[in-house]
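Asks:
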Amino acid sequence: MTDSVNTRELVLGILMEVTSESNYSHLVLRAVLEKYQYLDKKERAFITRLSEGTIQRMIELDYILNQFSKVKVNKMKPVIRNILRMGVYQLKYMDAVPASAACNEAVKLAKKKGFGSLSGFVNGVLRNVSRNIEQITYPDADKEPVTALSVRYSIPEWLTVQWLEEYGREQTEQMMQAFLTDAPITIRTNLKRTTPEELREKLEAEGVTVETMDATKYPELPYAFMISGFDYLNGLNSFREGLFYVQDLSSMLVAEWAAPKAGDICIDVCGAPGGKSIHLAEKLDGTGSVEARDISEHKVELIRENIARHQLSNITAKRWDATVLDEESVEKADIVIADLPCSGLGVLRKKTDIKYRMSESAQAELVELQRSILQVVASYVKPGGTLMYSTCTIHRAENEKNVAWFIEQHPEFSVEKMRQIFPEETLGDGFFIARLVRRAQ
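As structure tokens, then:
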């Protein structure tokens, strides 16, 4: 990394924005990668790996540092704390980085950021970790099961307790392991514009590695692929032309389960950035209509951009607060998609910092928000119509318990099917989906 741009300094900047300014990691990283798009692919991969990995493993990294530093992590200056975190991550998880480089570059970075007086401390701690990296002791899994899981998988203790109570030890550990694996990029073919076979050929002609999804695991998704080996999405003609949509595999199931019929009227009440709405519009094959809504003009504009790229005529975007009743929509929709704001704990592979931001009190507030939206949007469903409820989280109160509450409140609806998808089951996110059908009059 001898470029004029110091990649480790960029990573430190990302870590500072996420930990000190509470900005979302995936947005901060995306902005940096767009700004420095001219950097070599290998350098951008280094920035991504080091920043995402350090955030993803932060609880474990802090635990290690506290074993080797007289000054505990929470007493360190924020810049020094993050320099040490990224240093330990390189030592433990990046075999291609020599230990000497991880230590020396950390010292240089401390000096460059105005902490020359602490450069010796940084050097001493990281050299100590480097010498003893194989002798690190972890909490005993039998004596301290919660702490042991929390440290090893960098999941906050309160969340570890919640998952253990709701899903048991084996399921919890499988989830935690899955969240530390890389998130693949999965795409859905725009069947209005091309076939899966043609798309594959075009992508491979652009130098993209394309993998077909396992038909036994994803029988409903014959049009989905996993892609890798490309530089960036906007560099692909096939992406710019709207021949595919980047979407999580679990998320693709919403439109599949909704099963729209020709001519159906559909409303997606929290639609940004538009994946499920666009999928519905494609499945309607030019008939019916989809109205994709969201609360802010910025989110609605994201939907409009995706509609334009996919060149669909039977879908529109509209700004609307889902908690506010739209009188004109009452009993007008054959299908209502309610993919609602949630704790997001199913997407920890992609949004690594969510687990540090969420709390039990915030979860409780989200449950109330979800219920208030469901109360409103249920009225949009025609007799005989379908309400699709989904979240990208793993939390019974937001998922199964919300469905049970809803059916109690609205006996005119019944649960046709529902499923909690765990991250280790598929290559997709942790996701919850329920198909609720309103009784025909």
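If you're matching positions, the sequence shown starts at 3 in my numbering and goes up one per residue.
Note that the Cβ used here is the ideal one computed from N, Cα and C, for glycine as well.
(1) Please go through the segment 80-137 and give each complete beta strand (DSSP E) segment of 3 or more residues, from N-terminal end onward.
(2) From residue 328 to residue 378, what does the alpha carbon distance come to, in whole angstroms?
(3) Note down, one range per segment and in chain order, each alpha helix (DSSP H) of at least 4 residues found wholly within the segment 214-291.
(4) If I follow the unbroken alpha helix (DSSP H) through residue 403, where does it start and stop?
(5) Can you grab the Cα-Cα spacing for the pair residue 163 / residue 289, in whole Å?
(6) Taking its Cβ as the centre, do 16 or more other Cβ atoms sit within 10 Å of residue 310, making it buried, or is it exposed?
(7) Within the same chain, show all residues whose beta-carbon is closer than 7 Å to that of residue 85, passing over the 5 residues directly before and after it, in chain order.
(8) Kindly confirm or deny that the segment 60-71 and the segment 141-157 touch, where touching means at least three C-beta pairs closer than 8 Å.
(9) Note the first and the last residue of the continuous beta strand (DSSP E) segment covering residue 140.
(10) Specify the secondary structure class of residue 7 as computed by DSSP and reduced to three states.
(11) If we ignore side chains and look at the alpha-carbon of each, how far apart do residue 148 and residue 167 end up?
(12) Residue 361: buried (16+ other C-beta within 10 angstroms of its C-beta) or exposed?
(13) Assuming the contact rule is C-beta atoms closer than 8 Å, residue 388 and residue 260 should be a hit. Round their C-beta distance to whole Å, please.
(14) Near residue 346, which residues of its chain fall below 8 Å by C-beta distance, leaving aside the five closest residues on each side in sequence?
(15) Nearest by alpha-carbon distance to residue 210: which of 24, 238 and 348 is it?
(16) Quick check: what's the CA-CA separation for residue 4 versus residue 98?
(17) Report buried or exposed for residue 30, applying the criterion of at least 16 other Cβ atoms within 10 angstroms of its Cβ.
(18) Beta-carbon separation of residue 339 and residue 420 under 8 Å?
(19) Check whether the Cβ of residue 64 lies closer than 7 Å to any heavy atom of the ligand PLP, and answer yes or no.
(20) Give, in chain order, every unbroken run of the alpha helix (DSSP H) that is at least 4 residues long and sits entirely within the segment 27-84.
(21) How about residue 253: is its C-beta nearer than 8 Å to some C-beta of chain D?
(22) Does DSSP classify residue 348 as helix, strand or coil?
(23) How big is the Cα-Cα spacing for residue 1 and residue 185?
(24) Mind checking residue 46: buried by the 16 CB within 10 Å criterion, or exposed?
(25) In the DSSP assignment, what are the bridge partners of residue 390?
(26) By the 10 Å Cβ neighbour count, where 16 or more other Cβ atoms means buried, how is residue 242 classified, buried or exposed?
(27) Look at residue 473 and residue 277 and say whether their C-beta atoms are less than 8 Å apart.
(28) Please state whether DSSP places residue 317 in a helix, a strand or coil.
(29) From what residue to what residue does the beta strand (DSSP E) around residue 419 run?
(30) Are the CB atoms of residue 262 and residue 187 within a distance shorter than 8 Å?
(31) When the Cα atoms are used, what is the spatial distance from residue 225 to residue 282?
(32) Buried or exposed: residue 92, going by 16 or more other Cβ atoms within 10 Å of its Cβ?
(33) Under the DSSP definition of a beta bridge, which residues are partnered with residue 328?
(34) Locate the alpha helix (DSSP H) running through residue 154, then write down its first and last residues.
(35) Who are the Cβ neighbours of residue 219 in its own chain at under 7 Å, not counting the five residues just before and after it?
Replies: In short, the structure shows the following:
(1) none
(2) 8 Å
(3) 239-242, 251-260 and 277-285
(4) 402-411
(5) So the two alpha carbons sit approximately 48 Å from each other.
(6) exposed
(7) 14, 108, 111, 112 and 124
(8) yes
(9) From DSSP, residue 140 is part of no beta strand (DSSP E); its letter is neither H nor E.
(10) coil
(11) Cα-Cα distance, rounded: 11 Å.
(12) Exposed, because fewer than 16 other Cβ atoms sit within 10 Å of the Cβ of residue 361.
(13) Rounded to whole angstroms, the Cβ separation of residue 388 and residue 260 is 6 Å, and the two are in contact under 8 Å.
(14) Non-local beta-carbon contacts of residue 346 in its own chain, meaning distances under 8 Å to residues more than five positions away in sequence, involve 353, 356, 360, 394 and 395 in chain order.
(15) 238
(16) Annotation note: pLDDT 42 at residue 4 (below 50); position unreliable, no value reported.
(17) Classification of residue 30: buried, given that the 10 Å Cβ count is 16 or more.
(18) No. Outside cutoff.
(19) In the structure on display, the ligand PLP does not appear, and there are no ligands present to speak of.
(20) 27-37, 43-58 and 60-70
(21) The structure shown contains no chain D; it is built from a single protein chain.
(22) coil
(23) Given that the chain is displayed from residue 3 to residue 443, the structure contains no residue 1 and the question cannot be resolved.
(24) A residue is called buried once 16 or more other Cβ atoms fall within 10 Å of its Cβ, and residue 46 is buried on that count.
(25) 339 and 437
(26) Exposed: under 16 other Cβ atoms inside 10 Å.
(27) The structure shown has nothing for residue 473, since the chain only spans 3 to 443.
(28) strand
(29) Note, residue 419: beta strand (DSSP E), 415-423.
(30) no
(31) The straight-line gap separating the alpha-carbon atoms of residue 225 and residue 282 is approximately 14 Å.
(32) buried
(33) In the DSSP output, where bridge partners are listed per residue, residue 328 has none listed.
(34) 147-155
(35) 428
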